[in-house]
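0 is the number of the first residue of the sequence shown in numbering that gives the first Met the number 0; add one for each residue after it. Below is one structure; the comments refer to it alone.
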Amino acid sequence: MLLGDSDGNRYTPFIIFKVKPSKDSAIQRENDSSRYGFGVRNWKDVRNIRAETELEVFGNSKGWWNESWQLHF
0 MLLGDSDGNR YTPFIIFKVK PSKDSAIQRE NDSSRYGFGV RNWKDVRNIR
50 AETELEVFGN SKGWWNESWQ LHF
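Listed below in structure tokens is the structure:
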């Protein structure tokens, strides 16, 4: 999603992907805290995309905005 306001300020674009959560709750907490919701295997690709495009990329089970991400903005 591209973000801006009426004053002409631009904000970092972001994408939210729907990803299946881990069955192990400890691993899922680690995914949420250190890899924006992605598992170890997916994170390798997501990390490269984030670096090359400067997009904010998130993942959760709903593919929708999560209230815990509001702390990042």
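Using N, Cα and C, we set each Cβ at its ideal position, and we do this for glycine too. Fair warning: this is a prediction, and the values are worked out from it, not measured in the lab.
Look at Arg9 here: in three-state DSSP terms it is strand. Burial of Gly36 is indicated by the presence of at least 16 other C-beta atoms within 10 angstroms of its C-beta. By the 16-neighbour rule on beta-carbons within 10 angstroms, Val56 is buried.
In this chain, the alpha helix (DSSP H) harbouring Glu29 covers Ser24 to Ser33.
Here the C-alpha atom of Trp63 lies approximately 23 Å from the C-alpha atom of Glu51.
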